[in-house]
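J.:
Numbering (our numbering), first residue to last: 8 to 253.
(1) Between the C-alpha atoms of residue 89 and residue 37, what's the straight-line distance to the nearest angstrom?
(2) I'd like to check one pair, residue 201 with residue 195: are the Cβ atoms closer than 8 Å?
(3) Relative to the C-alpha of residue 133, which residue among 124, 139 and 141 is closest?
(4) Apart from the five residues on each side of it in sequence, which residues of its chain come closer than 7 Å, Cβ to Cβ, to residue 240?
(5) Tell me the DSSP secondary structure of residue 70 in three-state form.
(6) Residues in the same chain with beta-carbon distance under 6 Å from residue 7, minus the five sequence neighbours each way, listed in chain order, please.
(7) Indicate whether the contact test is met: 3 or more Cβ pairs, each with one atom in the segment 77 to 89 and one in the segment 60 to 68, closer than 8 Å.
(8) Output the distance between the C-alpha atoms of residue 99 and residue 135, rounded to the nearest integer angstrom.
(9) Can you name the residues that DSSP bridges to residue 173?
(10) Output the distance between the C-alpha atoms of residue 30 and residue 128, rounded to the nearest integer angstrom.
(11) If you drop the 5 nearest sequence neighbours on each side, which residues of the same chain put their C-beta closer than 7 Å to that of residue 28?
(12) Decide if the segment 64 to 80 is in contact with the segment 135 to 144; the criterion is three or more beta carbon pairs, one per stretch, under 8 Å apart.
(13) Going by C-alpha distance, which of 79, 80, 110 and 81 is nearest residue 2?
(14) If you count every other CB in all the chains shown that lies within 10 Å of the CB of residue 71, and 16 or more means buried, which is it?
(15) Between the Cα of residue 151 and those of 193, 169 and 175, spot the shortest distance and give me the residue it belongs to.
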C-alpha cells in the first residue's frame, strides 16, 4: 500500500514538473470575456445607441481581438476567462480559435484579475498579460510589444482614455496592484502607477488607446485619425450610422 501511494505521488509530482518545464519559457495572455447577450453587454453604450447596436459593437470588437491574438507565436498561450460559469459551452461555440478556457471567480474586478494572474503564473509561465475586449485598436503588435517590454521591466501598463488601463502585464504576481483601488473609475491607472512607484517596481507605459464604454468614447475613436484599425472603423461606423474620420 505504501509503495502504491509513493508511486502515485511520484507520478503526480513528475507530471507537475513536466508541465512546469513545458511552459516556463512560454507566456500567457489572459482575455476577460462576456458572452454576447442582448441587454447584458456594453450597457452604458446601449443607454444611447440601443441594445442591438451595443451588442453588434461588442461582437465586432471582441472578434477583432480574438483574430488579432490568434496571430501570436506558438510560445504564447491565450486564455479566455469567461464571466458566467454556465456560459462555457456557449463561449466555446462563439470563439472558434484554439484557445484555453477558464471561468472567472465571482468577485470584484481586482480580485478577478488577481485570481487569473495566479492561475497562469502558478503553471510556470514566465510572463503574463491581461486585456479585455473593449479596445477596438487592440492588435497583435500591441500585445507583442508588451511581452517584449516584460523582458526588461517588472510591469507593463497600457493606459486608456478613461483613466483606467486596457492592458496589464507582469512577470510575477504583485498582489498590491489589485486592492485599494476603486475599479471602473478615473483613478485606476493613476493609483496603479503610484503603487508601482511605492513598491519600487520598474514599469513601462504603452501608448494611450480608447476603451469604448460610452457613445462619447465611440465617437472619440471613430473621430481619431490615428486609429489603427480602419477596416473595423468602417464596419462599426456603417452599422451604427456614425461618421468615421480617416
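Glycine residues also receive a C-beta, built at the ideal position from the N, C-alpha and C atoms.
T.: On the basis of the coordinates in this document:
(1) 10 Å
(2) no
(3) 124
(4) 229, 234 and 251
(5) helix
(6) Not covered by the structure: residue 7. The range shown for the chain is 8 to 253.
(7) no
(8) 22 Å
(9) DSSP output for residue 173 lists no bridge partner at all.
(10) 10 Å
(11) Caution is warranted here: a pLDDT of 49 is assigned to residue 28, below 50, making its placement in the model unreliable, and the coordinate value is therefore given only provisionally. Once the five neighbours on either side are set aside, residue 28 has no close Cβ partner at all.
(12) yes
(13) Here the chain comprises residues numbered 8 to 253, so residue 2 is not present and cannot be evaluated.
(14) buried
(15) 175
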